[in-house]
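Have a look at the structure below, then the notes.
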Amino acid sequence: MASGNDRSVSCSSSSSLKLLLFMIPLIVISGCASVLGSRNSSWGFISRHPWPWSSPSAATITNVKTPQVPSTKESEGLLDLHSTVVGVHHREEAISEDSVLNRSSSPPLDVEAAQPPPAAANGTEKVSLNISKRAGPIFAASLNETHALPVTSRPQRQYTTLERVEAGLRRARSAIREAKIGNRTPDPDYIPNGPIYWNANAFHRSYLEMEKQLKVYVYDEGEPPLFHNGPCKSIYSMEGNFIHRMEMDSHFRTKDPEKAHLFFLPFSVAMLVRFVYVRDSHDFGPIKQTVIDYVNVVSTKYPYWNRSLGADHFMLACHDWGPETSFSIPYLHKNSIRVLCNANTSEGFNPSKDVSFPEINLLTGSTDSFIGGPSPSHRTLLAFFAGGLHGPIRPILLEHWENKDEDVKVHKYLPKGVSYYEMMRKSKYCLCPSGYEVASPRVVEALYTGCVPVLISDHYVPPFSDVLNWKSFSVEVPVREIPNLKRILMGISPRQYIRMQRRGVQARRHFEVNFPPKRYDVFHMILHSLWLRRLNVRVHHHGMGK
């Protein structure tokens, strides 16, 4: 009687012999087929993962044919569809113009580009390498047979919605680059021009592309007053105004998150401070926990936060605690776009990723009584400031200039019966020192009244400075130069002052609050700044095709 081991060897040998006899005919047939070749170059693979150029929804049995070479127009619009997803360690690279806008790759449907790419460091392309090892000879045969295939037999690439979104952004980048040296684009309302812009043509083209493409998804989760709500009649009015305008917008807001370029986290920091923070507790924990809970909710319900680690999401805050709130979640601070009034580079504001927007004190909710002022020839006062001792800079200003000079009117409190805004309209220059934080509503108030803003601050990034050349319509005075303030202003020639004043009037349209919003106003400029940041980020699904 054979032992157990003997039976195992006998069964194994018998099975191997049967398998060998069964495989020999298949090998012969396969060899003949390989020599003769298939004239239609269609090959069937059984694989859990499609090729990089196939749709992520492709079936497990995939017919691989020679991919169609796209036209030049298609190539320009759909390059680099498989760029690396922006992660926490790659956010700085992604927003660099050299690393993103100038990065090149082969067209995704080009025959040569159909070769599986090398494995990425994070392993996301490992699937393609596994397929190439199994299918190398077959794929080579299909390339050799391309001359025999009619164009009509080649499969069309099925792009995902995200790929189409990214393709549109790529076309926009190309159009903006061309506009820098091209002719102006017609516009029935307004054509940006002059030195108030770093590049008027590029800004105009970018703005038109934004109007044509940009879609923002506002998360529905959350209830007022903390979410979908904000102050509209206070120094933090821009928080509430933007939230309400975004909620009511029908042009830029989309109800389909798959089509969105950006995702808005609609919490109001001013409302969190009012309703969540315990006054005088010095405990920021409840505010941070509220934000953590909210992001956990949307990241669990939707895939978009985790897809980009927050890089295509944004928060907006005009309250001084906006930056601190963003530290609730590391990715919110490091990856997401933070739209902040308190744009202080010494506190982590990153001009290439974050957005500076203006602080506007709308006590009545309207700007009707603010805007307008006399011509330069009717302004008799050199400089003016009135305000309390907030922060470290204003005490220095008052120490050197309060009641010290008839040409430089600096007050802690205005005399009774003197109008604040009338004093601004009488002045050539309006002093705008920072308070506890770098932003000041006086900057916009100066533009509204036709007064040239004098920015007295350190580490402040003025609003929309990615588009606007602030040096052309304002004066920047470092804190250390406060004692020399009059000498600096008197050193500006009358001709140069008139130029700056007129440019400030031209720039004013970008800071006006309109109901409903108008093209190129502050609401649209905030969106445009967001649009520019989104242009510098590319997003795709991890493990595309799984």
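Just add 679 to the spot in the sequence shown (first one is 1) and you have the numbering used here. By construction, the Cβ of each residue, glycine as well, lies at the ideal position given by its N, Cα and C atoms.
- If you draw a straight line from the Cα of S1007 to the Cα of I971, it is about 6 angstroms long.
- Look at the beta carbons and you see the region 867-884 not touching the region 900-917: under three pairs across the two are nearer than 8 angstroms.
- With 16 or more other Cβ atoms inside 10 Å of its own Cβ, R884 counts as buried.
- Taking L1134 as the centre and dropping the five residues before and after it, the same chain places the C-beta of C1111, V1122, P1141, W1149, S1153, V1154, E1155 and V1156 closer than 8 angstroms to its C-beta, in chain order.
- In the three-state scheme derived from DSSP, where H, G and I count as helix and E and B as strand, R849 is classed as helix.
- Restricted to the region 1086-1174, the alpha helix (DSSP H) segments that are unbroken, complete and at least 4 residues in length are 1099-1105, 1121-1127 and 1164-1169, listed in chain order.
- Shown here, A1022 sits in coil according to DSSP, grouped into three states, outside any helix or strand.
- Here the region 1055-1062 makes no contact with the region 924-942; the two share fewer than three CB pairs at distances below 8 angstroms.
- Between K1165 and D1086 a beta carbon distance of about 7 angstroms is seen, short of the 8 angstroms cut, so the two are scored as contacting.
- Y896 has F942 as its beta-bridge partners, per DSSP.
- Assigned with DSSP and collapsed to three states, A949 falls in helix.
- With at least 16 other beta carbons inside 10 angstroms of its own, L1214 counts as buried.
- Here DSSP, grouped into helix, strand and coil, assigns F1063 to strand.
- Looking at K894, L1011, L1147 and M1103, the one whose alpha-carbon comes closest to that of M925 is K894.
- Annotation for L1209: the continuous alpha helix (DSSP H) segment containing it runs V1201 to L1214.
- By a beta-carbon distance limit of 8 angstroms, Y1115 contacts D999. Their separation comes to about 6 angstroms.
- Excluding its 5 nearest sequence neighbours in each direction, I1075 has C-beta neighbours in its own chain below 8 angstroms: V1158 and I1161, listed in chain order.
- Contact annotation: the region 936-946 touches the region 988-1003, with at least three C-beta pairs closer than 8 angstroms.
- Sorting Y981, I966, P1037 and P1030 by C-alpha distance to the C-alpha of S1005 places I966 at the top.
- Between S1113 and S1144 the beta-carbon gap is near 16 angstroms, outside 8 angstroms, which marks them as no contact.
- Less than 7 angstroms separates the beta-carbon of A881 from that of A858.
- With a contact defined as Cβ atoms closer than 8 angstroms, F1063 and K1088 qualify at about 5 angstroms.
- A Cβ-Cβ distance of about 6 angstroms is found for the pair M1103 and E1124, placing them in contact under the 8 angstroms criterion.
- Note on geometry: alpha-carbon atoms of V1117 and N1040 lie some 15 angstroms from one another.
- Within the same chain, Cβ atoms closer than 8 angstroms to the Cβ of Y973 are found at E900, G901, F906, L944 and F946, the five residues on either side in sequence being excluded.
- Distance check between R953 and each of T979, P903, P936 and A939 places P903 closest, using alpha-carbon atoms only.
- Scanning the region 862-934 for uninterrupted beta strand (DSSP E) segments of 3 residues or longer gives 895-897, listed from N- to C-terminal end.
- Rounded to the nearest angstrom, the Cβ distance from V1018 to L1209 is 7 angstroms, consistent with a contact under 8 angstroms.
- Distance from the CA of W877 to the CA of V1146, rounded to the nearest whole angstrom, comes to 6 angstroms.
- Per DSSP, the continuous beta strand (DSSP E) segment holding L995 begins and ends at H992 to A996.
- Relative to the Cα of L1068, the nearest Cα in the group Y898, P834, Y1092 and P1002 belongs to Y1092.
- DSSP, read as helix, strand or coil, puts R1017 in strand.
- DSSP places S1005 in the helix class (H, G or I) of the three-state scheme.
- Distance between S1172 and E937, taken at the CA atoms: about 55 angstroms.
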